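Taking it in order: structure first as structure tokens, then the write-up.
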Amino acid sequence: MKDKMDSIAEKVAPSEFLAYFLYGFGQCFSYGIVGSFILIYYTDVVGISSVIASAIFLIARAWDAVFDPIVSGFMDKGRNTHGKFRKYMKIAPIFIVVSTIACFFTPSISMTGKIAYAAASYILWGTTYAFSDIPFWSMSTVMTKDSRKRTNLVTTASLGVSAGGGMVAIVLPFMLAYFKNNQTPATSYLISIMILMIIGFIFMQIGYRFTKERVKPSSKSEKITTHDIIMAVKANKYLLKMLLIMLLKIFMEIVNCIIIYFFTYNLGNAKFMSIFGVIGTFSAITFLVIPFITKYFKKLQILRFLLVIDIIFRIIFFALGYKNVTFVFILLTVTQCIYGLTGPITVAMLSETVEYTEVKTGKRCEAIVFGGQTFASKLAIAFAGATTGLILSFINYQPNTAQSSGTLTGLFIIISILPALGSLLRLWVLKGYDYNEDDFRNCRKILDERAAKLDNQDDQSVDAGDPANANGLQTEAAKATGDAS
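Note that the sequence shown ends on residue 487 in our numbering; no numbers are left out.
Pasting the structure below:
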């Protein structure tokens, strides 16, 4: 009877899936704008050199390295009537809108002042983004205990994220072209981004209002300390591997930064960026096959297969060159679909490490897990932006003029072959990774049994600091994962 009631309570309605999709869709208006357009805005509109822009990105991520773990730990310690994560999803969108717009505002001051303002506004954006992105992804672990439903939620979230970023790539170039008829480039950016972020804010608010937290910590009075955070990370080697997998998307983020230069100078049409946005948006539809294929194959097997075929098609792209625009877009579509599918798979695998951490340590640290994801994503963007700036300088890129043949070749090499290196490194990281759906279900079983025991004991018999209890955790962890510490 209890199992039946739990099943009913855990039911995630289609409207909730839609709301979760819309939050990611709206949030990634900001991510898509900053991730794909901030560098060219700095170099071609503000006039900041690519090297200085690179330094700004690296400084921002050094700040995130300190700040993001603090945010994650703070979130894991708190819960109120709005839930553990939803309370942040209520307020964070306001700050994301303001900080994103601030990144594309150009004050009429000296170049030194503009550089300082660019650095401050970019750091502010990264800081506010953490307060939205960490709880957004963490929600997938508290909306349901069921592994398959969680995979479906992560797939839905990833679909929203990809669609949001793709929509920006489609719409923003046309908006910029339209407003440039009567406005300066700087004003065109500002007006366009204000409009997009207001729309994104509306979607995020819908996402907040119609999602629900269901999964509670197994301990009745769970408190997360700084020591717990450190132990959670140390105890979970699978978490570390998945975060490294996510960090390695730096290679694709470099492509996202460079590709607008490739369209502008190699193919001679910056508006091709909108076609690329369409590809990104509609390639996200392939995410819908994930719930189907995960019924028959383990996620680890799927991920390895996708990485191998990604390498193959990247090499084909490089071999064919870019003289035939039709072939370019066919191969961009194929590689975008293949690479895109790796996103939901890796996030789903990451979400399943939450239970592994809880079995090993007795603490449920969702925000720590997804805070790591947010930091890895922002670090990838920053290193991509910084590396892109250095690459542009290395290949002798000159803003707003025809490029040399060497520069054009360099741009194409980055677009075509560099992501293959990223996929190869990801395969190397996955070597020895053996945590799968069966291990997750074993962890989930242990946690459910532990929760049932706690419910049947009076409060005096429950002591989280009892050495015998701690030993029990280690024994259960070994049984669940076959990896005794």
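Here a beta-carbon is modelled for each residue, glycine too, at the ideal position from N, C-alpha and C.
Model, not experiment: these values are computed from the prediction.
Could you compute how far the alpha carbon of residue i sits from the alpha carbon of residue j?
i, j, result
"Ile-197", "Lys-236", "44 Å"
"Thr-390", "Ile-262", "12 Å"
"Ile-260", "Ile-417", "7 Å"
"Ala-171", "Tyr-25", "18 Å"
"Tyr-399", "Phe-414", "13 Å"
"Asn-402", "Val-68", "37 Å"
"Gln-405", "Ala-321", "22 Å"
"Gly-345", "Lys-116", "35 Å"
"Ala-466", "Trp-65", "Residue placement at Ala-466 is poorly supported in this model, since its pLDDT is 44, which falls under 50; the coordinates are not used for a value here."
"Thr-348", "Tyr-267", "34 Å"
"Thr-114", "Ile-448", "58 Å"
"Tyr-210", "Phe-138", "9 Å"
"Ile-111", "Ala-118", "10 Å"
"Arg-150", "Asp-440", "12 Å"
"Ser-32", "Gly-202", "8 Å"
"Ser-223", "Val-217", "Reliability fails at Ser-223, whose pLDDT of 43 lies under 50, so the model's placement of it is uncertain and the value that follows must be treated cautiously. For Ser-223 and Val-217, the distance between alpha carbons rounds to 14 Å."
"Pro-293", "Thr-157", "8 Å"
"Thr-411", "Met-351", "37 Å"
"Ile-208", "Thr-376", "22 Å"
"Gly-34", "Val-173", "11 Å"
"Ile-96", "Ile-419", "39 Å"
"Ile-317", "Leu-60", "30 Å"
"Lys-433", "Pro-109", "50 Å"
"Asn-183", "Met-177", "10 Å"
"Ile-295", "Cys-367", "29 Å"
"Leu-427", "Gln-185", "45 Å"
"Phe-76", "Phe-87", "11 Å"
"Thr-153", "Ala-55", "37 Å"
"Phe-315", "Leu-429", "16 Å"
"Asn-271", "Phe-264", "9 Å"
"Leu-423", "Ile-313", "8 Å"
"Asn-458", "Tyr-131", "42 Å"
"Lys-13", "Ala-384", "39 Å"
"Asp-461", "Arg-452", "Because the pLDDT of Asp-461 is 49, which lies under 50, any placement of that residue in the model is unreliable, and the number read from its coordinates should be weighed accordingly. Looking at the two C-alpha atoms, the distance is approximately 14 Å."
So is residue i buried or exposed if we call it buried at 16+ other beta carbons inside 10 Å?
i, result
"Asp-567", "There is simply no residue 567 to check, as the chain begins at 3 and stops at 487 in what is shown."
"Lys-365", "buried"
"Phe-319", "buried"
"Ala-21", "buried"
"Ala-454", "exposed"
"Pro-16", "exposed"
"Asn-258", "buried"
"Pro-421", "buried"
"Glu-354", "buried"
"Gly-128", "buried"
"Lys-380", "buried"
"Phe-19", "buried"
"Asn-326", "exposed"
Can you tell me where the alpha helix (DSSP H) with residue i in it begins and where it stops?
i, result
"Ile-200", "187-211"
"Gln-303", "301-322"
"Asp-135", "113-144"
"Thr-288", "Counting along the chain, Thr-288 falls outside any alpha helix (DSSP H), and DSSP gives it neither H nor E."
"Gly-412", "407-418"
"Cys-30", "16-43"
"Val-330", "327-353"
"Asn-258", "252-263"
"Leu-241", "239-249"
"Phe-396", "368-396"
"Phe-176", "149-181"
"Val-99", "88-105"
Under 7 Å between the Cβ atoms of residue i and residue j?
i, j, result
"Ser-134", "Ile-103", "no"
"Gly-28", "Met-206", "yes"
"Val-47", "Pro-175", "no"
"Ile-252", "Ala-120", "no"
"Lys-243", "Val-431", "yes"
"Phe-442", "Ile-136", "no"
"Ser-500", "Ser-52", "Given a span of 3 to 487 for the chain in the structure shown, any question on residue 500 remains unanswerable."
"Glu-255", "Ala-386", "yes"
"Tyr-180", "Tyr-43", "no"
"Tyr-124", "Ala-62", "yes"
"Phe-289", "Gly-162", "no"
"Ala-369", "Ser-142", "no"
"Thr-409", "Ile-393", "no"
"Gly-374", "Leu-245", "yes"
"Ile-195", "Phe-106", "yes"
"Leu-126", "Ser-101", "yes"
Counting beta carbon pairs with one atom in the stretch 329-343 and one in the stretch 352-359, are three or more of them shorter than 8 Å? no
Mind the definition here: the stretch 300-310 touches the stretch 267-283 only if three or more C-beta pairs lie below 8 Å; say whether that holds. no
At least 3 beta-carbon pairs within less than 8 Å: the stretch 279-292 vs the stretch 162-170: yes
With contact counted as at least three CB pairs below 8 Å, one residue from each stretch, are the stretch 244-258 and the stretch 306-316 in contact? no
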